Ligand code: PLP
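Residue numbers (the numbering used here): 27 to 520.
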């Protein structure tokens, strides 16, 4: 959700009647408070996590991740089974990926979505079976395509006409057949931040379904004629014609992804309807039966009290009903369906622990012109471990973790230690009046798009990822970066 600018306090944030409470919209059952009020993760007290691994620290609950992965898979399988259709659930690794996480996803029966050669390298190192991996990206290099084909990935999702041509050439050179899905643009503007909405026309992803866009690919008239494509066709139709004409491509079907952190079902339904209808037209046009369709991910999670996430069963049931009714309407058998949830599996599984440093009050004017005090609480991380507030104006919640947050609560802003005034971790929150340097804060729902987007800005070393599971000691699955790691690439006065 976009924050409200220049506001003392947004309406959605209310004074906490019970500041120790962990809202189930934001906090999964792995996170709880012990009898003294200290936060625990899968039964381990945060003070012991901090003692062993320091702060900032990403804590990632293996128990929650596995439970959510299994739940999403079961929900989609059951919902589509009711309509006689089969489903694959791909975990979108871009949201959070380590070799351990890739294996957990595989063990829970999910396939794995990768978005670059690097993510693919990680999946390969984890030993994920090639057939269960998808490779995405709007600008795959020849080397990335060759690596994916050599490893035998289950699908490459092609994003443009030049990419279809490149995949065909590389596959021919390698003497293999490339399984390809075409990413298309259903023209739905999802209600989310512009930078994570990905299905309207004026952005970089996908291939247009709009008639008359085929010419935009810049192929010669002779080339179009040879493929049987006219100027009235859509760009995606040209891509499909090219893929079908190549002996080195096995065109599996179509893919779309309308964006991320979306709560309403409407956008998903419209996109499904458009893409299924278009696939039916393609089938008729080229006298083929494309067997698969992938409707992407993007299901929203709870970051703060203002969010209203829906359960996986509800999402799956709605999508299955929409897909079934569109297929009935156009007279097509339901194809094999795939989905790519990322954030909704990894996001609620992780939290970040920070240590409080300096605390400073500033005087501000509220919306009525009255003078107010805002308390700035600085922590030992910031935009280098969580760039989402800066990138997307994202709101987060926070709680005092090392002890019970009792007594009077003050409106506060949690900020990082970077050399940027925009380095805000939590824009609006209540924290105890007696908060002091050395206290530990926990920020929930940081499992997705935090660790994977972290940087060394201001030469801060990146935090470790500590995994927890019920009944098992906590252990680092990614160790803390050292200054030596960080400086190792600097070649000095050469
Ligand atoms: N699939 C594709 C193609 C994406 O680009 C993304 C995210 O941007 C996802 C899946 C995962 O989205 P989310 O993490 O919101 O579920």
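Where is the CB? At the ideal position from N, CA and C, for every residue including glycine. Bear in mind the structure is a predicted one, so any value in this text is a computation, not a measurement.
Asked	Found
For residue 511, three-class secondary structure by DSSP	helix
Contact set for residue 238: own chain, Cβ-Cβ below 6 Å, skip 5 residues either direction	258
Nearest neighbour of residue 74, chosen from 387, 427 and 437 [CA to CA]	427
Near the ligand PLP: residue 139 beta-carbon under 7 Å from a heavy atom	yes
Any 3 or more C-beta pairs closer than 8 Å across the stretch 316-332 and the stretch 281-295	yes
Exposed unless 16 or more other CB atoms sit within 10 angstroms - verdict on residue 421	buried
Burial state of residue 130, where buried means 16 or more other Cβ atoms lie within 10 Å	buried
Same chain, Cβ closer than 7 Å to residue 303, five either side skipped, listed in chain order	352 and 356
Secondary structure, alpha helix (DSSP H): runs of 4+ residues fully inside the stretch 414-487	414-418
Outcome for residue 492 when other beta-carbon atoms lying within 10 angstroms are tallied against a minimum of 16	buried
CB contact flag (residue 202, residue 168, <8 Å)	no
Which of helix, strand or coil DSSP assigns to residue 358	coil
CB contact flag (residue 88, residue 494, <8 Å)	yes
Residues of its chain near residue 382, where Cβ-Cβ distance is below 8 Å and the 5 sequence neighbours each way are ignored	403, 404, 405, 461, 462, 463, 464, 465, 466 and 467
Own chain partners of residue 94 with C-beta closer than 6 Å, once the 5 adjacent residues on each side are dropped	371
The alpha helix (DSSP H) enclosing residue 144, as first and last residue numbers	143-152
Presumed contact (8 Å Cβ cut-off) between residue 204 and residue 275, rounded CB distance	5 Å
Contiguous beta strand (DSSP E) assignments of at least 3 residues, all confined to the stretch 54-134	57-59, 65-67, 83-87 and 113-118
Length of the line joining the Cα atoms of residue 165 and residue 253	24 Å
Contact test: residue 413 Cβ vs the ligand PLP heavy atom, cutoff 7 Å	no
C-alpha distance - residue 336 paired with residue 289, whole-angstrom precision	7 Å
Member of 414, 280 and 455 whose CA lies at the smallest distance from the CA of residue 13	No statement about residue 13 is possible, as the shown extent of the chain runs from 27 to 520 and does not include it.
Where residue 38 falls, given that 16 or more other Cβ within 10 Å makes a residue buried	exposed
Classification of residue 139 by the beta-carbon crowding that lies within 10 angstroms, buried from 16 upward	buried
Residue 495 in three-state terms, based on DSSP	strand
Euclidean distance between Cα positions of residue 496 and residue 112	32 Å
Residue environment, residue 452, which counts as buried when at least 16 other CB atoms sit within 10 Å	buried
Beta carbon of residue 278 nearer than 8 Å to that of residue 206	yes
Given residue 412 as reference, the closest of 345, 471 and 480 once Cα atoms are compared	480
Collapsed DSSP secondary structure at residue 32 in the structure displayed	For residue 32, the pLDDT reaches just 44, beneath the cut-off of 50, and the residue's location in the model is therefore unreliable, although a value from the coordinates is still provided. Coil at residue 32, not helix or strand.
Residue 335 beta carbon near the ligand PLP (any heavy atom closer than 7 Å)	no
Per-residue DSSP class, three states only, for residue 137	strand
For residue 487 and residue 508, the rounded distance between their alpha carbons	6 Å
Any non-hydrogen atom of the ligand PLP within 7 Å of residue 101 CB	no
Assigned exposure category for residue 390 - 16 Cβ within 10 Å defines buried	exposed
Residue 378 - DSSP class collapsed to helix/strand/coil	strand
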